[in-house]
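Engineer: The structure under discussion is supplied below as structure tokens; questions concerning it will follow.
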């Protein structure tokens, strides 16, 4: 894994919500501006974000970074509960509290052709990866037409994006896993991010083909810095923290919490 954590990333900073774009009713792109520059953010790293309006909810929410500038970053935020609903309801110009970048990103793959498999909002780290490495191929899976806004926006950012939907209403019918059988284990590698069910399927398919595969886990977190042990995952080497040991893991290591 690629680790890139400075002491500054552990300190909370105040940022400004400079722009908010709605992709669907419950999916938003939040653009944040900071007075100080961010340290380099690697694809797969995340930030913890919370409102500055009081202390409820007290804990931040983790989001993978999908775009960066020297003093700015973008987050893809789906409304999943009270905390994310509050963040997405704030007006432009509002101040927020951010900690990061945190965690370990996807590893460098010199000489390998990288295929990124994303399930819905799991495309966030691959938008950043494609920003840095245009040769990366990205495959996005969505349930159906309700996610057209995400697919359209992502396709504008990623020329050549392959989109799949389960009911064939958006892009090709099927899932991003369709590409795995055509990949060469010697020259190609898979990165994946999305719902647990998808990651389990990717893990199994890549193990069957002996394909190198790295997965980014979407795990509930509380602190994001390893203090609370609330995001542990079972691996072949024992329990590991998603926030500090991950969120990116070699897929062969993950046993899942079942």
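Residue numbers (the working numbering): 7 to 264. We treat Cβ as the ideally placed atom computed from N, Cα and C, and that holds for glycine.
Based on the DSSP output, what are the partners of residue 199 in its beta bridges?
Structural biologist: As a first step, residue 199 must be located in the chain shown, where it is residue number 193. Looking at the DSSP assignment, residue 199 forms a beta bridge with 124, 222.
Engineer: Quick one: any contact between the stretch 232 to 242 and the stretch 201 to 213, if contact means 3 or more CB pairs under 8 Å?
Structural biologist: With a cut-off of 8 Å, the stretch 201 to 213 and the stretch 232 to 242 do not count as touching, because too few Cβ pairs lie within range.
Engineer: DSSP on residue 256, reduced to helix/strand/coil?
Structural biologist: By one-based count along the chain shown, residue 256 stands at place 250. DSSP places residue 256 in strand when its eight states are reduced to three.
Engineer: Take residue 68 and list the residues in its own chain whose beta-carbon comes closer than 7 Å to its own, dropping the five residues that flank it on each side.
Structural biologist: Translated into the one-based positions of the chain shown, residue 68 becomes position 62. Closer than 7 Å at the Cβ level, and outside the excluded window around residue 68, lie 52, 54, 227, 230.
Engineer: Run the CB neighbour count on residue 39, radius 10 Å, all protein chains shown included, and call it buried at 16 or more, exposed below.
Structural biologist: Position 33 of the chain shown holds residue 39. Result: exposed.
Engineer: Which same chain residues, not among the five before or five after residue 250, have their C-beta less than 6 Å away from its C-beta?
Structural biologist: To locate residue 250, count along the chain shown from 1; it is residue 244. Answer for residue 250: 232, listed in chain order.
Engineer: Going by beta carbon distance, what residues of the same chain come within less than 6 Å of residue 70, once the five residues before and after it are set aside?
Structural biologist: The sequence position of residue 70 within the chain shown is 64, counting from 1. Around residue 70: 52, 130, 131.
Engineer: Roughly how far, in whole angstroms, is the beta-carbon of residue 102 from the beta-carbon of residue 58, given that I think they are within contact range, below 8 Å?
Structural biologist: The residue given as residue 102 occupies position 96 in the chain shown. The residue given as residue 58 occupies position 52 in the chain shown. Residue 102 to residue 58, Cβ: 6 Å. Contact.
Engineer: According to DSSP, what are the bridge partners of residue 213?
Structural biologist: Walking along the chain shown from the start, residue 213 turns up at place 207. Paired residue(s): none; residue 213 is not in a bridge.
Engineer: Could you give the C-beta distance for residue 24 and residue 98, rounded to a whole number, given that I count them as a contact under 8 Å?
Structural biologist: To locate residue 24, count along the chain shown from 1; it is residue 18. To locate residue 98, count along the chain shown from 1; it is residue 92. Confirmed, about 7 Å.
Engineer: Using CA coordinates, which residue listed in 164, 155, 157, 127 is at the minimum distance from residue 140?
Structural biologist: Taking the chain shown and counting its residues from 1, the one referred to as residue 140 is at position 134. Closest by alpha carbon: 164.
Engineer: Using the three-state DSSP reduction, which class does residue 42 fall into: helix, strand or coil?
Structural biologist: Counting from 1 along the chain shown, the entry for residue 42 is found at position 36. Three-state DSSP puts residue 42 in coil, outside helix and strand.
Engineer: Indicate whether residue 6 and residue 50 have their beta-carbon atoms separated by less than 7 Å.
Structural biologist: Outside the shown range of the chain, which is 7 to 264, sits residue 6, and nothing can be said about it.
Engineer: Is it true that the CB of residue 134 sits closer than 7 Å to the CB of residue 72?
Structural biologist: Taking the first residue of the chain shown as 1, we reach residue 72 at position 66. Taking the first residue of the chain shown as 1, we reach residue 134 at position 128. Yes.
Engineer: For the alpha helix (DSSP H) that residue 227 lies in, which residues bound it at each end?
Structural biologist: Taking the first residue of the chain shown as 1, we reach residue 227 at position 221. Segment: none, residue 227 is in no alpha helix (DSSP H) and carries neither H nor E.
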